[in-house]
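Undergrad: Can you read through this structure? Questions will come right after.
Number of protein chains: 2
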Amino acid sequence: METVSENACFGGTQGVYTHRSEACHCDMTFGIFIPEEAQDGPVPLLWYLSGLTCTHENAMTKAGAQAWAADAGIALVFPDTSPRGEDVADDDVYDLGQGAGFYVDATQEPWTPHFQMESYIAEELPKVLMANFNLDEERQSISGHSMGGHGALTLAMKNLGRFRSVSAFAPICNPTASEWGKKQFSAYLGSDESLWAAHDATLLMKENGLDIPVLIDTGTKDQFLDLLMPEAFGHAALERREEITMRMQPGYDHSYFFISTFMEDHVAFHAEALYG
Amino acid sequence: METVSENACFGGTQGVYTHRSEACHCDMTFGIFIPEEAQDGPVPLLWYLSGLTCTHENAMTKAGAQAWAADAGIALVFPDTSPRGEDVADDDVYDLGQGAGFYVDATQEPWTPHFQMESYIAEELPKVLMANFNLDEERQSISGHSMGGHGALTLAMKNLGRFRSVSAFAPICNPTASEWGKKQFSAYLGSDESLWAAHDATLLMKENGLDIPVLIDTGTKDQFLDLLMPEAFGHAALERREEITMRMQPGYDHSYFFISTFMEDHVAFHAEALYG
Numbered sequence: 001m002e003t004v005s006e007n008a009c010f011g012g013t014q015g016v017y018t019h020r021s022e023a024c025h026c027d028m029t030f031g032i033f034i035p036e037e038a039q040d041g042p043v044p045l046l047w048y049l050s051g052l053t054c055t056h057e058n059a060m061t062k063a064g065a066q067a068w069a070a071d072a073g074i075a076l077v078f079p080d081t082s083p084r085g086e087d088v089a090d091d092d093v094y095d096l097g098q099g100a101g102f103y104v105d106a107t108q109e110p111w112t113p114h115f116q117m118e119s120y121i122a123e124e125l126p127k128v129l130m131a132n133f134n135l136d137e138e139r140q141s142i143s144g145h146s147m148g149g150h151g152a153l154t155l156a157m158k159n160l161g162r163f164r165s166v167s168a169f170a171p172i173c174n175p176t177a178s179e180w181g182k183k184q185f186s187a188y189l190g191s192d193e194s195l196w197a198a199h200d201a202t203l204l205m206k207e208n209g210l211d212i213p214v215l216i217d218t219g220t221k222d223q224f225l226d227l228l229m230p231e232a233f234g235h236a237a238l239e240r241r242e243e244i245t246m247r248m249q250p251g252y253d254h255s256y257f258f259i260s261t262f263m264e265d266h267v268a269f270h271a272e273a274l275y276g
Numbered sequence: 277m278e279t280v281s282e283n284a285c286f287g288g289t290q291g292v293y294t295h296r297s298e299a300c301h302c303d304m305t306f307g308i309f310i311p312e313e314a315q316d317g318p319v320p321l322l323w324y325l326s327g328l329t330c331t332h333e334n335a336m337t338k339a340g341a342q343a344w345a346a347d348a349g350i351a352l353v354f355p356d357t358s359p360r361g362e363d364v365a366d367d368d369v370y371d372l373g374q375g376a377g378f379y380v381d382a383t384q385e386p387w388t389p390h391f392q393m394e395s396y397i398a399e400e401l402p403k404v405l406m407a408n409f410n411l412d413e414e415r416q417s418i419s420g421h422s423m424g425g426h427g428a429l430t431l432a433m434k435n436l437g438r439f440r441s442v443s444a445f446a447p448i449c450n451p452t453a454s455e456w457g458k459k460q461f462s463a464y465l466g467s468d469e470s471l472w473a474a475h476d477a478t479l480l481m482k483e484n485g486l487d488i489p490v491l492i493d494t495g496t497k498d499q500f501l502d503l504l505m506p507e508a509f510g511h512a513a514l515e516r517r518e519e520i521t522m523r524m525q526p527g528y529d530h531s532y533f534f535i536s537t538f539m540e541d542h543v544a545f546h547a548e549a550l551y552g
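Chains A and B supply the protein sequences, listed in that same order. The working numbering puts the first residue of the first sequence at 1, with every later residue one more than the last. The working numbering puts the first residue of the second sequence at 277, with every later residue one more than the last.
Structure follows, in structure tokens:
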């Protein structure tokens with residue numbers, strides 16, 4: 001693991017590191033905020049998965065999350081959203097290829113060799129983080145925005161018991177029924193739609209449910225609301241009589257101004273689960 | 277004035293607008309955060325002047341200031357740092373020309389036609405803002421970072437009575453004695469160094485003083501500390517027995533991680549002056 005940068009930040013350190021990924025067969029970069037409390041012992045970890053076109057950097061610089069994480073003594077990790085590099089497959093559109101990994105393991109060419117983001121986020125990166133930082137493996141929660149909200153919800157349901165709470169900002173909730181999903185799942189997973197269900201938060205909720213606290217915020221003026229379909233996930237949870245907090249925020253859109261506005265609530269929500 | 281974007285943000289609106297500048301003879305863009313309270317009456321205004329290479333956008337997206345301004349019911353304006361455009365003079369280096377206006381009115385070619393940033397910030401933009409937003413002209417304060425800290429300190433001292441408080445993050449404090457200053461003043465103001473003094477915070481403090489609260493934060497690991505020279509400004513204030521709060525923040529550098537860490541303090545400092 002190589003240090004790209006380390007900056008003092010809210011009493012702790014905002015670092016950026018690069019490491020060779022065995023899952024993605026390329027160098028991967030992530031940001032991690034380590035609060036001051038990590039000097040005294042292992043701290044809880046909140047994962048933040050970013051959306052389409054983002055790198056590790058966007059949320060790290062624009063979401064304002066470190067202020068609240070520092071207050072709560074929680075570490076924050078900001079992974080990249082896909083493998084990257086000149087020899088990594090890509091597409092000219094913004095929502096496929098580099099910057100658009102969708103948190104799945106690709107089984108189709110040309111994506112298979114590098115696009116193994118589910119394995120990377122769920123298996124490989126946790127090991128890297130636990131080995132290199134003073135983190136409490138038993139206290140992890142997960143959040144994300146848009147495609148990253150899809151990642152947070154699906155990974156929480158596919159790894160029951162790993163996370164103590166899950167939240168999302170404007171998540172893609174039903175990708176098998178959305179153009180933000182069908183296109184990418186076709187490319188990465190192939191045309192057999194039955195294989196897509198394992199990566200759809202709404203279908204996973206119907207199938208498996210989720211026994212940890214769930215908080216979802218979506219703006220009423222989100223320009224992508226019809227692609228996100230939060231109501232589909234809400235219906236699925238209600239049918240199971242699962243407890244979820246699903247808020248529609250009046251006037252807010254899909255931007256980081258929306259995310260930063262409600263970040264304090266999300267970190268407080270996770271802190272309650274992590275310290276409860 | 278043309279609307280570029282408006283995003284709901286912490287209960288208020290983060291807007292970006294473009295207008296024709298008479299001072300700079302080009303279109304100028306600024307960001308402004310208007311808190312919810314402006315719906316009920318005029319709100320105080322905090323100016324935030326950015327540093328070298330920045331546009332209106334950097335602090336608006338990375339400083340985390342809206343969270344605290346919303347709490348305090350204060351508007352925030354984020355001006356650009358120079359005139360811009362294809363027909364505007366520029367230089368290949370990062371610290372001269374576009375993105376590096378230094379908040380002075382240029383008297384030297386090729387800069388004179390557009391680089392009139394002091395007139396723009398001190399005279400023209402206030403009129404634009406007062407005409408278009410529900411702001412209280414009698415309650416203004418000013419802050420800034422690096423080159424923008426220089427701008428905040430010098431404009432506060434050149435316009436005594438206008439601002440109720442001034443603060444700065446890692447300001448350039450003594451530009452007539454620094455390579456961040458000599459180079460730009462030579463280019464914009466010419467070789468007669470006696471004309472530079474009116475734009476040097478340390479010299480202005482010696483000459484005029486400042487009768488409003490002053491808060492300055494600088495990181496002990498700021499990579500540009502020798503160019504900033506906060507001690508020069510401190511000495512000048514001490515010689516006049518002016519009250520200033522001058523903090524050195526251990527371990528912090530010149531980045532937005534430093535700024536965002538202490539933004540809450542700065543907004544609270546200004547709020548006390550604006551509501552006092």
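Ideal Cβ placement from N, Cα and C applies to all residues, glycine included. The model shown is predicted, which means the values in this text are computed figures rather than measured ones.
1. Which of the three DSSP states is assigned to B:Thr357 in this structure?
2. Would A:Thr55 pass as a contact of A:Thr13 if the rule is Cβ separation under 9 angstroms?
3. Under 9 angstroms, Cβ to Cβ, is there at least one residue of chain A near B:Cys285?
4. List the endpoints of the continuous alpha helix (DSSP H) containing A:Met60.
5. Quick one, which residues of the segment 520–537 of chain B are near chain A if we go by CB-CB under 9 angstroms, in chain order?
6. Tell me, to the nearest whole angstrom, how far the beta carbon of A:Asn50 is from that of A:Phe78; I am working on the premise that it is less than 8 angstroms.
7. Check for me: the beta strand (DSSP E) holding B:Trp323 runs from which residue to which?
8. Who are the neighbours of B:Ala343 on chain A, taking C-beta pairs under 9 angstroms?
9. Name, please, each residue of chain A whose Cβ falls closer than 8 angstroms to the Cβ of B:His458.
10. Pop quiz: B:Ser422 and B:His530 are said to be a contact at Cβ under 8 angstroms. What is the actual Cβ separation, rounded to whole angstroms?
11. Answer with yes or no whether the minimum CB distance from A:Thr61 to chain B is below 9 angstroms.
12. Considering A:Ser143, what are the terminal residues of the beta strand (DSSP E) in which it resides?
13. Can you give me the start and stop residues for the beta strand (DSSP E) that B:Phe445 sits inside?
14. At a cut of 8 angstroms, does the segment 522–536 of chain B reach the segment 467–476 of chain B through at least three beta carbon pairs?
15. Check whether the segment 112–128 of chain A and the segment 31–42 of chain A are in contact - that is, three or more C-beta pairs closer than 8 angstroms.
16. Taking the Cβ atom as the reference point for each residue, do A:Val114 and A:His25 lie within a distance shorter than 9 angstroms?
17. Taking the straight line between their C-alpha atoms, what separation do you get for B:Met304 and B:Glu298?
18. Taking the alpha carbon of A:Arg241 as the reference point, which residue from A:Leu153, A:Glu179, A:Met205 has its own alpha carbon closest?
19. Candidates B:Phe509, B:Leu372, B:Asp367: which alpha carbon is nearest B:Glu455's?
20. Would you mind stating whether B:Val393 and B:Gly377 have Cβ atoms separated by less than 9 angstroms?
21. Check each residue of the segment 285–301 of chain B: if its Cβ is closer than 8 angstroms to any Cβ of chain A, include it; give the result in chain order.
22. So is A:Gly148 in contact with chain B if we call contact Cβ pairs under 9 angstroms?
23. Does A:Gly219 get closer than 9 angstroms to chain B when you measure Cβ to Cβ?
24. Closest by CA to B:His426, which one among B:Tyr396, B:Phe409, B:Ala477?
25. Could you compute how far the alpha carbon of A:Glu207 sits from the alpha carbon of B:His295?
26. Specify the secondary structure class of B:Val404 as computed by DSSP and reduced to three states.
27. Between the segment 208–226 of chain A and the segment 132–140 of chain A, can you find at least three pairs of beta-carbon atoms closer than 8 angstroms?
28. At which residues does the beta strand (DSSP E) containing B:Val280 begin and terminate?
29. Compute the distance between the beta-carbons of B:Asp412 and B:Val319, then report whether it is under 9 angstroms.
30. Rounded C-beta distance between B:Phe534 and B:Phe445? I'm assuming under 8 angstroms.
31. Residues in the same chain with beta-carbon distance under 7 angstroms from B:Leu431, minus the five sequence neighbours each way, listed in chain order, please.
32. So, under 8 angstroms CB-CB, B:Met539 and B:Trp387 are touching, yes? Tell me the CB distance rounded to an integer number of Å.
33. Assuming B:Ala549 contacts B:Arg438 (C-beta within less than 8 angstroms), just tell me the rounded distance between them.
34. Taking just the CA atoms, how far does A:Glu2 sit from B:Tyr532?
35. Indicate the three-state DSSP secondary structure (helix, strand or coil) for A:Met147 in the structure shown.
36. I'd like to check one pair, B:Pro447 with B:Ala473: are the Cβ atoms closer than 9 angstroms?
TA: According to the structure shown:
1. coil
2. Their beta carbons are not under 9 angstroms apart, which means A:Thr55 does not touch A:Thr13 by this criterion.
3. Cβ-Cβ to chain A under 9 angstroms: yes for B:Cys285.
4. First-last of the alpha helix (DSSP H) with A:Met60: 57–62.
5. Gln525, Pro526, Gly527, Tyr528, Asp529, Ser531, Tyr532, Phe533, Phe534, Ser536, Thr537
6. Contrary to the premise, residue 50 of chain A reads as Ser rather than Asn in this sequence. Confirmed, about 7 angstroms.
7. Its beta strand (DSSP E) spans residues 319–325.
8. Simply Gly64, Ala67, Ser260, Thr261, Met263, Glu264.
9. The sequence shown places Lys at residue 458 of chain B, not His. Those do not exist, as B:Lys458 stays about 29 angstroms from chain A at its closest Cβ, beyond 8 angstroms.
10. The distance from the Cβ of B:Ser422 to that of B:His530 is about 7 angstroms, consistent with a contact at the 8 angstroms cut-off.
11. yes
12. 135–144
13. From DSSP, the beta strand (DSSP E) with B:Phe445 extends over 442–445.
14. no
15. Of all C-beta pairs linking the segment 112–128 of chain A to the segment 31–42 of chain A, fewer than three are shorter than 8 angstroms, placing the two stretches out of contact.
16. In the sequence under discussion, the amino acid at residue 114 of chain A is His, which differs from the Val named in the question. Taking 9 angstroms as the Cβ cut-off, A:His114 and A:His25 qualify as a contacting pair.
17. 10 angstroms
18. A:Met205
19. B:Leu372
20. It is Met, not Val, that sits at residue 393 of chain B in the sequence shown. Yes.
21. Cys285, Phe286, Gly287, Gln290
22. no
23. yes
24. Checked all of B:Tyr396, B:Phe409, B:Ala477; the closest Cα to B:His426 is B:Ala477.
25. 55 angstroms
26. helix
27. no
28. 278–285
29. yes
30. 7 angstroms
31. Tyr379, Ile397, Ala398, Ile418
32. Rounded to whole angstroms, the Cβ separation of B:Met539 and B:Trp387 is 32 angstroms, and the two are not in contact under 8 angstroms.
33. B:Ala549 to B:Arg438, Cβ: 13 angstroms. No contact.
34. 22 angstroms
35. helix
36. no
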